[in-house]
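First up is the structure itself, then whatever we jot down about it.
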Amino acid sequence: MPRLFLDSSVLFAAIFSVTGGARELLRLSGEGLLHLLVSQDVLAESEANLRAKAPNRLADLVGALALAGVEITDPPDITTVQQCQKLVNYPNDAVVLAAAGVDYFVTLDRQHFLDNAALRAAMPFPLGTPGDCLAWFRKMLSES
Numbered sequence: 130m131p132r133l134f135l136d137s138s139v140l141f142a143a144i145f146s147v148t149g150g151a152r153e154l155l156r157l158s159g160e161g162l163l164h165l166l167v168s169q170d171v172l173a174e175s176e177a178n179l180r181a182k183a184p185n186r187l188a189d190l191v192g193a194l195a196l197a198g199v200e201i202t203d204p205p206d207i208t209t210v211q212q213c214q215k216l217v218n219y220p221n222d223a224v225v226l227a228a229a230g231v232d233y234f235v236t237l238d239r240q241h242f243l244d245n246a247a248l249r250a251a252m253p254f255p256l257g258t259p260g261d262c263l264a265w266f267r268k269m270l271s272e273s
């Protein structure tokens, strides 16, 4: 079962769009087809964003994570964080990236992740949007 790491932008999108790719990833995980992971930092950032922008949606986040069976990763070791800091210029994102270690890193963050060619080349796993990830997953299914 593919292991996917979601960043906070994807969780935020999943809460606000019931038909988007981010929500579809949660649905597929709930059906046992994908294994979704987040870090404690991603959860904290998601909670802070929702508290600031839509506090009435916090329960939706908790419910969606529970239904999808999202796993919280262990904190990354300092060496991995330091290596990731060489690839991303935002310290918080380096910690998030260091916690990943999955088959696919799902994000909507173009500035720090998606448009960073050096990062994409250095990572042992692909990075992409929820839509990119769904296309990757469909291709993987068709090849198996």
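Counting in the numbering used here, the sequence shown runs from 130 upward without gaps. For each residue, glycine too, the CB sits at the ideal point set by N, CA and C.
Min CB distance residue i to chain B below 8 Å
{"i": "Val139", "result": "Judged by its chain identifiers, the structure shown contains no chain B, having just a single protein chain."}
Minimum C-alpha distance to residue i - residue among the options
{"i": "Asp222", "options": "Glu272, Leu166 and Glu174", "result": "Glu174"}
{"i": "Trp265", "options": "Val235, Val225 and Ala195", "result": "Val235"}
{"i": "Ser138", "options": "Cys213, Asp203 and Ser146", "result": "Ser146"}
Contact under 8 Å by Cβ, residue i with residue j
{"i": "Leu81", "j": "Val199", "result": "Given a span of 130 to 273 for the chain in the structure shown, any question on residue 81 remains unanswerable."}
{"i": "Leu196", "j": "Leu248", "result": "no"}
{"i": "Gly260", "j": "Gly150", "result": "yes"}
{"i": "Ala142", "j": "Leu226", "result": "no"}
{"i": "Leu179", "j": "Leu187", "result": "yes"}
Simplified DSSP state of residue i, which is helix, strand or coil
{"i": "Leu140", "result": "helix"}
{"i": "Gly192", "result": "helix"}
{"i": "Leu81", "result": "Outside the shown range of the chain, which is 130 to 273, sits residue 81, and nothing can be said about it."}
{"i": "Leu270", "result": "helix"}
{"i": "Phe234", "result": "strand"}
{"i": "Phe242", "result": "helix"}
{"i": "Phe145", "result": "helix"}
Cut-off 7 Å between Cβ atoms - residues of its own chain near residue i, not counting five sequence neighbours on either side
{"i": "Thr209", "result": "Ala227"}
{"i": "Cys213", "result": "Ala223, Leu226 and Ala227"}
{"i": "Gly159", "result": "Leu196, Ala197 and Gly198"}
Segments of 3+ residues assigned as beta strand (DSSP E) that fall wholly inside the region 166-228
Here no run is fully enclosed.
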